[in-house]
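The listed protein sequences derive, respectively, from chains Z and R. All residue numbers for the first sequence refer to the numbering used here, where the first residue is -3 and numbers rise by one. All residue numbers for the second sequence refer to the numbering used here, where the first residue is -3 and numbers rise by one. To start, the structure under review is shown below, and the notes come after it.
There are 2 protein chains.
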Amino acid sequence: MQPINTREYLEKLEAAIEEQNVAFIRESMEDVHPADISQVLDELNTPQSKYVIDLLPPEVSAEILSNLDEETTRRFLRVFESAEIAALVPYMDSDDAADLLDHQPVRFREEVIALIDDRETAEHIIELLHYDEDCAGGLMAKELIKAYDTWNVVQTIEEIRRQAENVEKIHTIYVVDSQERLLGKVSIKRILLAKANTRIADIFDRDLISVESYRDKEEVSDLMQKYDLEAIPVVNIQNRLLGRITIDDIVDVITEKAEEDIAAMSGISAGAEEDDGVFRSVRARLPWLLIGMAGGLIGAQLMGLFEGDLKEITALALFTPLITATGGNVGIQNSTVVVQSLGRDVFSGNKRTEKIIRALGIAVVNAITISLIVFVFFLLYGRPFGLALVVSIALFSVVILASITGTVTPLVLDRYGVNPALASGPFITTANDLLGLTVYFSVAHWLRPLLASGPF
Amino acid sequence: MQPINTREYLEKLEAAIEEQNVAFIRESMEDVHPADISQVLDELNTPQSKYVIDLLPPEVSAEILSNLDEETTRRFLRVFESAEIAALVPYMDSDDAADLLDHQPVRFREEVIALIDDRETAEHIIELLHYDEDCAGGLMAKELIKAYDTWNVVQTIEEIRRQAENVEKIHTIYVVDSQERLLGKVSIKRILLAKANTRIADIFDRDLISVESYRDKEEVSDLMQKYDLEAIPVVNIQNRLLGRITIDDIVDVITEKAEEDIAAMSGISAGAEEDDGVFRSVRARLPWLLIGMAGGLIGAQLMGLFEGDLKEITALALFTPLITATGGNVGIQNSTVVVQSLGRDVFSGNKRTEKIIRALGIAVVNAITISLIVFVFFLLYGRPFGLALVVSIALFSVVILASITGTVTPLVLDRYGVNPALASGPFITTANDLLGLTVYFSVAHWLRPLLASGPF
């Protein structure tokens, strides 16, 4: 079997599609993992991909469709008939099927659901479509194995056998009462070790962490990470078992959250992808650049107020980039450290003051070091004493102030439910630029008598 | 049972430790999940934590010690006797025990290993300590269930029973030959469905993704994410089964990687923690600030070359923050998008040119928009035509150039094996600042005849 993730194979595949060489396509993709096929399809255009998918066994096609990103799904589904999708749904997990249909036009969605043969599957999908995609209900799958507390071990093994085809990964058997209320869990290990007539009620474990369907997906992710869970049952408000979330879905949540934070820090709106067209990319990025631009224009206004000083002591202008860059760097360092600690620490709410004091301590050391270095450098370099003093004092103040804004901003954003990572983004750098300029020129204005004596 | 994650409980606990109120501590922590106890211990000092840990059942203490971060481990282990640790090791997974001992002084490590009663456990730990912590071998645990291909179902179930105590989560049964070479897997579901005398050789699945022990942990993480694996077997170069890695360890790898990238973007050296002392924090942050400072001083030199122009047309100085901020923002946007796409796309190596062209397209649209807005704004605001032209041309060029450097830098870093996220950090903003200043003042110098006619 040749590796299919090569440019060479891709060219052969494109030729094969062109020539409708069905044998080559089928043979070369036999026994290849759907995830690898997906990567190849990503390089093809939609009609080419569709052609390939139609040739694959339905379980492979279903797996490929289950793992597409939102944008590719939209693009792909336009070329599929509703009956084609309905035929693949039985091969998908209920949560993947619901995700696939979630952003489709209502009519298409209804058609697909109506065409699904198995009514239980259809009902599961209808139920899952009710939930918001950002909550536990939107993440869960209906596939799970449950046992009633009144059953014995043999009955439970029967149920596992019955469900074996639908439930790919078993993890844990959930124990419910006659009202479907979640009572606890029993591991498959325990079942294997118990005698055939042992009652589930006698061996199940009541210690079980579950999550309500309305909880935010990041809460679910935190819970599963904290308690090292591989699956978590989802219940409704009456504690009825609705479904379960597995760790692989949480891995996606964690990855998305990290990408979201990094995008926020970089001034890129959420959901932007590298493959987006130019227009979509501009829409995700330009607004943030405009914030920076507005800041720059306000900064010019601000410096304009000191134009008299600038005219007389031109050298002042030379150090504005030093001041603004330092303020920006310090601000981002502080906000990032705070952002990373938020949510990780349950007691953080009580520690705001402590955080600010620690940040201040670090700021003072950094501020003294940087301003001292610059001061000495200026004198060695033969710059006038007055200018050295002004720049050093301004640098010192900017480092302290930027540490405070960098620490406080994410705390405030978080308190008001805004993603604190935004505090490390262009908004804060712009604000810090303005702060830095104000401080710098105020200090210069205030110490102008000292400056005027210099050679500039 | 009262919740223990409250400030109130913490105060009660501290009082109880003070008064040696063993009953309160034991009762209040009974049935509390070790992860919750860990969070509380995080708020105590080391002697207090040690006092509490000594009172807990060994399986709970072991679990708590298994999940500490590196820094806390170092701090904690100083107050533990090697015999105390050796007594807890049997309650830990082999990978957690090895991690715990990994950064300890050799003597302490040897003592603990010598004091472990169970020699198999001790040998497992010695083996795991050989591996670098950043490779697959360093992540794996020895606990797994394997079956020889010559066994039948009954023998395999016997083995599961035998191992049940050691292997917390079963996932999959690995099938090996008489030389311990990995042949494939068989699911516990399959075992349950098969007849007692069925031979494993007849039901096992040869399709199995495994990983060599020397692979980098991020490679393992990518593999497990790509193929949605919950566990992956680790083999040596002869394909002998050594251990397995479970998804919960990979969740930690993903989280760490994201934090590392964010830290790199923010100019904080790897491994810095919010709780670090002031000195450690300064060490992680100051070097990056000094890079920015050096950049600022070089920028001043650079602008100094144009001091003649600046003296004559002071208004030029007002727009340096606009130019540098825009260049910085554009550079970070571009590098972040490239960083996020790297590694996600197997064909990315072949797409460098395509990436750069797409980035250029976006840059042109953003550049035209921003420079036009600024140009119109200047004229409306009554700024001289010459200045409007200079600033707009400079902005346009800076957006284009910063897009190119932002796109190319991470690609170059990645090619040379450096974390490309550094490209979104202070180094690139500093470089972009200098680039922006050079362009701006060069344009101004070149168009000086136009500028001189203005009111400034």
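Using N, Cα and C, we set each Cβ at its ideal position, and we do this for glycine too. Since this is a predicted model, take the numbers as computed values, not measurements.
**Asked** Using a C-beta to C-beta distance shorter than 9 Å, which residues of chain R count as neighbours of S420 (chain Z)?
**Response** Indexing the first sequence from 1 puts residue 420 (chain Z) at position 424. Within 9 Å Cβ-Cβ: I258, M261 and S262.
**Prompt:** How would you call G382 (chain Z), buried or exposed, if buried means at least 16 neighbouring beta carbons within 10 angstroms?
**Reply:** As a position in the first sequence, residue 382 (chain Z) is number 386, starting the count at 1. Label assigned to G382 (chain Z): buried.
**Message:** When you compare the CB of F315 (chain R) with every CB in chain Z, is at least one pair closer than 8 Å?
**Reply:** Residue 315 (chain R) sits at position 319 when you count from the first residue of the second sequence. With 8 Å as the cut-off, F315 (chain R) counts as an interface residue toward chain Z.
**Asked** What residues from the region 366 to 382 of chain R come within 8 Å of chain Z, judged by C-beta to C-beta, listed N to C?
**Response** Within the region 366 to 382 of chain R, I366, I369, V370 and F373 place their CB atoms closer than 8 Å to a CB of chain Z, listed in sequence order.
**Message:** By the 7 Å beta-carbon criterion, what residues does the region 220 to 243 of chain Z contribute toward chain R?
**Reply:** Q221, K222, Y223, D224, E226 and I243
**Request:** Name the two residues that bound the continuous beta strand (DSSP E) containing A227 (chain R).
**Result:** Taking the second sequence and counting its residues from 1, the one referred to as residue 227 (chain R) is at position 231. A227 to V231 is the span of the beta strand (DSSP E), which, as asked, contains A227 (chain R).
**Request:** If I'm right that A82 (chain R) touches L61 (chain R) with Cβ under 8 Å, what's the distance once you round it to whole angstroms?
**Result:** Along the second sequence, one-based indexing puts residue 82 (chain R) at 86. Along the second sequence, one-based indexing puts residue 61 (chain R) at 65. The C-beta distance from A82 (chain R) to L61 (chain R) rounds to 12 Å, too long to meet the 8 Å contact threshold.
**Request:** Compare the beta carbon distance of K191 (chain Z) and A132 (chain Z) with 8 Å and say whether it is the shorter of the two.
**Result:** In the first sequence, residue 191 (chain Z) corresponds to position 195, counting from 1. In the first sequence, residue 132 (chain Z) corresponds to position 136, counting from 1. Contact: no.
**Request:** Hey, could you find the ends of the alpha helix (DSSP H) K185 (chain R) is sitting in?
**Result:** Walking along the second sequence from the start, residue 185 (chain R) turns up at place 189. Segment I184 to L189, the alpha helix (DSSP H) holding K185 (chain R).
**Message:** So the candidates are R:F315, R:I353, R:S420 and R:D305; which of them puts its Cα closest to the Cα of V463 (chain R)?
**Reply:** Look at the range of chain R in this structure, -3 to 452, and you will see that residue 463 (chain R) is not part of it.
**Asked** Is there a Cβ from chain Z that is less than 8 Å from the Cβ of K8 (chain R)?
**Response** Along the second sequence, one-based indexing puts residue 8 (chain R) at 12. Chain Z contact via Cβ: absent.
**Item:** Given S265 (chain Z) as reference, the closest of Z:G421, Z:T242, Z:G304 and Z:D130 once Cα atoms are compared
**Value:** As a first step, residue 265 (chain Z) must be located in the first sequence, where it is residue number 269. Checked all of Z:G421, Z:T242, Z:G304 and Z:D130; the closest Cα to S265 (chain Z) is Z:G421.
**Prompt:** If we ignore side chains and look at the alpha-carbon of each, how far apart do P86 (chain Z) and R115 (chain Z) end up?
**Reply:** Looking up residue 86 (chain Z) in the first sequence gives position 90. Looking up residue 115 (chain Z) in the first sequence gives position 119. Distance between the alpha carbons of P86 (chain Z) and R115 (chain Z): 10 Å.
**Prompt:** Using a Cβ-Cβ distance under 8 Å, would W147 (chain Z) count as near chain C?
**Reply:** No chain C appears in the structure shown, which is made up of the protein chains Z and R.
**Message:** Using a Cβ-Cβ distance cut-off of 8 Å, determine whether I250 (chain R) contacts chain Z.
**Reply:** In the second sequence, residue 250 (chain R) corresponds to position 254, counting from 1. Judged by the 8 Å Cβ criterion, I250 (chain R) is in contact with chain Z.
**Prompt:** Do E208 (chain Z) and I233 (chain Z) have their C-beta atoms within less than 8 Å of each other?
**Reply:** The count along the first sequence starts at 1 and reaches residue 208 (chain Z) at position 212. The count along the first sequence starts at 1 and reaches residue 233 (chain Z) at position 237. For E208 (chain Z) and I233 (chain Z), yes; Cβs fall inside 8 Å.
**Message:** For I0 (chain R), would you say it is in contact with chain Z, using Cβ-to-Cβ distances shorter than 8 Å as the test?
**Reply:** For this step, residue 0 (chain R) is matched to residue 4 along the second sequence. So no, I0 (chain R) is outside the interface.
**Prompt:** For a contact meaning CB atoms closer than 7 Å, what does G291 (chain R) contact in chain Z?
**Reply:** As a first step, residue 291 (chain R) must be located in the second sequence, where it is residue number 295. Correct list: A321.
**For E208 (chain R), the residue or residues it bridges with in DSSP** = Reading the second sequence from its first residue, position 212 is the one you call residue 208 (chain R). DSSP, once it has assigned bridges, lists R:V231 as partnering E208 (chain R).
**Prompt:** Would you say K142 (chain Z) faces chain R, with C-beta separation under 8 Å as the test?
**Reply:** For the purposes of this step, residue 142 (chain Z) is taken as the residue at position 146 of the first sequence. No, K142 (chain Z) lies away from the interface with chain R (no Cβ there is under 8 Å from its Cβ).
**Request:** Kindly confirm or deny that the region 352 to 362 of chain Z and the region 426 to 435 of chain Z touch, where touching means at least three C-beta pairs closer than 8 Å.
**Result:** no
**Classification of E226 (chain Z) by the beta-carbon crowding that lies within 10 angstroms, buried from 16 upward** = On the first sequence, position 230 is the one that residue 226 (chain Z) refers to. Flag for E226 (chain Z) reads buried.
**Asked** Cα separation between L247 (chain Z) and N148 (chain R)?
**Response** The count along the first sequence starts at 1 and reaches residue 247 (chain Z) at position 251. The count along the second sequence starts at 1 and reaches residue 148 (chain R) at position 152. It is worth fixing the name first, because residue 247 (chain Z) is Val in this sequence and not Leu. Going from the Cα of V247 (chain Z) to the Cα of N148 (chain R) covers about 36 Å.
**Prompt:** Can you check whether the CB of T322 (chain Z) is closer than 8 Å to the CB of G292 (chain R)?
**Reply:** If you number the second sequence from 1, residue 292 (chain R) lands on position 296. If you number the first sequence from 1, residue 322 (chain Z) lands on position 326. Their beta carbons are under 8 Å apart, which means G292 (chain R) touches T322 (chain Z) by this criterion.
**Message:** So the candidates are R:T2, R:T42, R:L52 and R:V230; which of them puts its Cα closest to the Cα of M25 (chain R)?
**Reply:** Counted from its first residue, the second sequence places residue 25 (chain R) at position 29. Here the closest residue by C-alpha is R:L52.
**Prompt:** Shorter than 8 Å from the beta carbon of M25 (chain Z) to some beta carbon of chain R?
**Reply:** The residue given as residue 25 (chain Z) occupies position 29 in the first sequence. No, because no Cβ of chain R sits closer than 8 Å to the Cβ of M25 (chain Z).
**Item:** Under 7 Å by beta carbon: chain Z residues contacting D198 (chain R)
**Value:** The residue given as residue 198 (chain R) occupies position 202 in the second sequence. Going along chain Z, no residue has its Cβ under 7 Å from D198 (chain R), so there is no contact; the nearest lies around 18 Å.
**Prompt:** List, in order along the chain, the chain R residues whose C-beta lies closer than 7 Å to that of Q329 (chain Z)?
**Reply:** Sequence index remark: in the first sequence, residue 329 (chain Z) carries index 333 (1-based). Result: S262, G263, I264 and R281.
**Prompt:** How is the beta strand (DSSP E) around K142 (chain R) delimited, first residue to last?
**Reply:** Here residue 142 (chain R) corresponds to residue number 146 of the second sequence, with the count starting at 1. Where K142 (chain R) is concerned, the enclosing beta strand (DSSP E) stretches over I141 to Y144.
**Residue span of the beta strand (DSSP E) that contains L238 (chain R), given as start and end** = In the second sequence, counting from the first residue as 1, residue 238 (chain R) sits at position 242. Going by DSSP, L238 (chain R) is part of the beta strand (DSSP E) stretching over L237 to T242.
**Message:** Once DSSP output is grouped into helix, strand and coil, what is the label at I0 (chain R)?
**Reply:** Locating residue 0 (chain R) in the second sequence gives position 4, where the first residue counts as 1. Of the three classes helix, strand and coil, the one that applies to I0 (chain R) here is coil, per DSSP.
**Request:** Taking only beta-carbon positions, decide if M(-3) (chain R) is within less than 8 Å of chain Z.
**Result:** In the second sequence, counting from the first residue as 1, residue -3 (chain R) sits at position 1. Unreliable positioning characterises M(-3) (chain R) in this predicted model, as indicated by a pLDDT of 48, which lies under 50. A coordinate reading is not provided.
**the region 82 to 111 of chain Z: positions lying closer than 7 Å to chain R by Cβ** = none
**Prompt:** Measuring CB to CB, does I258 (chain R) end up less than 8 Å from I258 (chain Z)?
**Reply:** On the second sequence, residue 258 (chain R) is found 262 positions in, with the first residue counted as 1. On the first sequence, residue 258 (chain Z) is found 262 positions in, with the first residue counted as 1. Yes, these two residues count as a Cβ contact at 8 Å.
**Cβ neighbours of K285 (chain R) in the same chain (closer than 8 Å, five flanking residues each side left out)** = Taking the first residue of the second sequence as 1, we reach residue 285 (chain R) at position 289. Reading off the sequence shown, one finds Leu at residue 285 (chain R), where the question assumed Lys. Counting only Cβ-Cβ distances below 8 Å, and skipping sequence neighbours, we find G263 and P422.
**Through-space distance from K165 (chain R) to R236 (chain R), alpha-carbon basis** = Taking the second sequence and counting its residues from 1, the one referred to as residue 236 (chain R) is at position 240. Taking the second sequence and counting its residues from 1, the one referred to as residue 165 (chain R) is at position 169. Approximately 22 Å between the Cα atoms of the pair.
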